[in-house]
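Worksheet: one structure, shown below.
In the numbering used here, the protein residues as written are 60 to 202.
Structure below.
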(Lines of atoms letter the chains of each structure in order from A and count residues from 1; the text may use other names and numbers.)
(Lines give C-alpha, C1' and ligand atoms only; values in the text may rest on other atoms or scores of the structure.)
Protein backbone atom coordinates (compact mmCIF):
# COMPACT_ATOMS: atom_id res chain seq x y z
CA UNK A 1 0.00 0.00 0.00
CA UNK A 2 1.35 3.41 -0.96
CA UNK A 3 0.99 6.15 1.67
CA UNK A 4 2.37 9.61 2.33
CA UNK A 5 3.42 12.77 0.54
CA UNK A 6 6.88 13.38 -0.87
CA UNK A 7 8.45 16.36 -2.66
CA UNK A 8 11.14 15.23 -5.11
CA UNK A 9 12.42 17.24 -8.05
CA UNK A 10 12.49 16.41 -11.73
CA UNK A 11 16.02 16.46 -13.14
CA UNK A 12 17.07 18.02 -16.47
CA UNK A 13 16.57 14.71 -18.29
CA UNK A 14 12.96 14.34 -17.11
CA UNK A 15 13.82 11.75 -14.47
CA UNK A 16 12.23 11.37 -11.08
CA UNK A 17 13.84 9.63 -8.13
CA UNK A 18 11.06 7.54 -6.62
CA UNK A 19 10.61 8.01 -2.87
CA UNK A 20 12.67 5.42 -0.97
CA UNK A 21 9.53 4.23 0.79
CA UNK A 22 8.02 3.14 -2.56
CA UNK A 23 11.06 1.68 -4.29
CA UNK A 24 10.85 -1.95 -3.17
CA UNK A 25 7.27 -2.32 -4.39
CA UNK A 26 8.06 -0.56 -7.69
CA UNK A 27 11.47 -2.16 -8.36
CA UNK A 28 10.01 -4.86 -10.62
CA UNK A 29 8.59 -2.35 -13.05
CA UNK A 30 6.09 0.48 -13.31
CA UNK A 31 3.56 1.79 -15.77
CA UNK A 32 3.11 5.58 -15.83
CA UNK A 33 -0.01 6.95 -17.48
CA UNK A 34 -2.41 9.87 -17.48
CA UNK A 35 -4.53 10.19 -14.36
CA UNK A 36 -7.55 12.28 -13.54
CA UNK A 37 -7.18 15.91 -12.45
CA UNK A 38 -4.04 16.40 -14.59
CA UNK A 39 -1.78 14.19 -12.48
CA UNK A 40 0.07 11.04 -13.51
CA UNK A 41 -0.67 7.57 -12.18
CA UNK A 42 2.22 5.21 -11.45
CA UNK A 43 1.21 1.58 -11.09
CA UNK A 44 3.32 -1.42 -10.17
CA UNK A 45 3.17 -3.64 -13.27
CA UNK A 46 0.94 -6.30 -11.62
CA UNK A 47 -1.63 -3.66 -10.59
CA UNK A 48 -1.64 -2.19 -14.10
CA UNK A 49 -2.23 -5.69 -15.49
CA UNK A 50 -5.17 -6.16 -13.07
CA UNK A 51 -6.75 -2.91 -14.30
CA UNK A 52 -6.10 -3.89 -17.91
CA UNK A 53 -8.00 -7.14 -17.34
CA UNK A 54 -10.95 -5.22 -15.90
CA UNK A 55 -11.01 -2.93 -18.92
CA UNK A 56 -10.71 -5.87 -21.28
CA UNK A 57 -13.77 -7.44 -19.64
CA UNK A 58 -15.88 -4.46 -20.73
CA UNK A 59 -17.79 -4.94 -23.97
CA UNK A 60 -16.35 -3.08 -26.96
CA UNK A 61 -19.80 -1.61 -27.45
CA UNK A 62 -19.46 0.34 -24.18
CA UNK A 63 -18.56 3.80 -25.46
CA UNK A 64 -17.12 5.18 -22.17
CA UNK A 65 -14.95 2.08 -21.67
CA UNK A 66 -13.56 2.41 -25.21
CA UNK A 67 -12.79 6.09 -24.72
CA UNK A 68 -11.16 5.56 -21.33
CA UNK A 69 -9.11 2.59 -22.58
CA UNK A 70 -7.80 4.52 -25.57
CA UNK A 71 -6.41 7.36 -23.47
CA UNK A 72 -5.29 5.12 -20.59
CA UNK A 73 -3.29 2.71 -22.77
CA UNK A 74 -2.14 5.12 -25.49
CA UNK A 75 -0.49 7.38 -22.93
CA UNK A 76 1.03 4.54 -20.87
CA UNK A 77 4.80 4.17 -20.52
CA UNK A 78 6.35 1.10 -18.92
CA UNK A 79 9.77 1.09 -17.36
CA UNK A 80 11.94 -0.59 -14.75
CA UNK A 81 13.47 1.91 -12.29
CA UNK A 82 17.27 2.11 -12.44
CA UNK A 83 19.54 1.24 -9.50
CA UNK A 84 19.07 4.72 -8.03
CA UNK A 85 15.28 4.32 -8.15
CA UNK A 86 14.87 6.73 -11.06
CA UNK A 87 12.25 6.60 -13.79
CA UNK A 88 12.03 8.78 -16.87
CA UNK A 89 8.76 10.59 -17.38
CA UNK A 90 8.19 10.96 -21.13
CA UNK A 91 7.70 14.47 -22.51
CA UNK A 92 4.04 13.88 -23.46
CA UNK A 93 3.21 12.92 -19.87
CA UNK A 94 5.22 15.81 -18.41
CA UNK A 95 3.28 18.15 -20.67
CA UNK A 96 -0.11 16.63 -19.77
CA UNK A 97 0.53 17.07 -16.03
CA UNK A 98 2.33 20.42 -16.50
CA UNK A 99 5.33 19.05 -14.60
CA UNK A 100 8.11 21.51 -14.02
CA UNK A 101 10.96 20.96 -11.59
CA UNK A 102 9.14 20.81 -8.23
CA UNK A 103 6.85 17.83 -7.81
CA UNK A 104 4.64 16.21 -5.24
CA UNK A 105 4.46 12.43 -5.19
CA UNK A 106 1.66 10.94 -3.14
CA UNK A 107 0.79 7.43 -2.11
CA UNK A 108 -2.78 6.69 -3.19
CA UNK A 109 -3.32 3.14 -1.90
CA UNK A 110 -2.65 0.89 -4.93
CA UNK A 111 -0.94 3.54 -7.03
CA UNK A 112 1.39 6.51 -6.77
CA UNK A 113 0.39 9.89 -8.16
CA UNK A 114 2.78 12.51 -9.53
CA UNK A 115 1.66 16.14 -9.40
CA UNK A 116 3.14 19.49 -10.27
CA UNK A 117 3.71 21.07 -6.86
CA UNK A 118 1.55 24.15 -7.55
CA UNK A 119 -1.26 22.03 -9.03
CA UNK A 120 -1.24 19.76 -5.96
CA UNK A 121 -1.36 22.71 -3.57
CA UNK A 122 -4.29 24.19 -5.51
CA UNK A 123 -6.13 20.85 -5.61
CA UNK A 124 -5.57 20.30 -1.89
CA UNK A 125 -6.74 23.78 -0.87
CA UNK A 126 -9.87 23.45 -3.02
CA UNK A 127 -10.77 19.97 -1.79
CA UNK A 128 -9.88 20.03 1.91
CA UNK A 129 -13.08 21.89 2.81
CA UNK A 130 -15.13 19.13 1.20
CA UNK A 131 -13.15 16.28 2.76
CA UNK A 132 -15.47 15.78 5.76
CA UNK A 133 -18.57 15.91 3.58
CA UNK A 134 -17.19 13.41 1.08
CA UNK A 135 -16.45 10.72 3.71
CA UNK A 136 -20.09 9.78 4.20
CA UNK A 137 -20.62 9.07 0.50
CA UNK A 138 -17.35 7.19 0.06
CA UNK A 139 -17.44 5.19 3.31
CA UNK A 140 -21.07 4.36 4.09
CA UNK A 141 -21.52 4.62 7.83
CA UNK A 142 -18.32 6.67 8.15
CA UNK A 143 -15.12 5.61 9.88
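The beta carbon of each residue, even a glycine, is placed where N, CA and C say it ideally should be.
All of these numbers come straight from a predicted model, not from anything done at the bench.
Next on the checklist: I need the straight-line Cα distance from residue 67 to residue 109, nearest angstrom please.
Outcome noted: Computed Cα separation, rounded: 28 Å.
Item to check | Boundaries (first-last residue) of the beta strand (DSSP E) holding residue 101 | outcome: In the DSSP assignment, residue 101 falls within the unbroken beta strand (DSSP E) covering 99 to 103.
Checklist entry - Taking one C-beta from the segment 159 to 170 and one from the segment 88 to 103 each time, how about it: are there three or more such pairs within less than 8 Å? => result Flag = yes, the segment 159 to 170 and the segment 88 to 103 touch.
Checklist entry - How is residue 145 classed by DSSP in three states: helix, strand or coil? => result Note: residue 145 maps to strand in three-state DSSP.
Checklist entry - Are the CB atoms of residue 152 and residue 72 nearer to each other than 8 Å? => result In this structure, residue 72 does not lie closer than 8 Å to residue 152 by Cβ.
Next on the checklist: Per the DSSP calculation, residue 69 is bridged to which residue(s)?
Outcome noted: According to DSSP, residue 69 bridges with 75.
Item to check | Cross-strand partners of residue 166 (DSSP beta bridge) | outcome: As computed with DSSP, residue 166 is found in a beta bridge with 171.
Next on the checklist: According to DSSP, is residue 90 part of a helix, a strand, or is it coil?
Outcome noted: Look at residue 90 here: in three-state DSSP terms it is strand.
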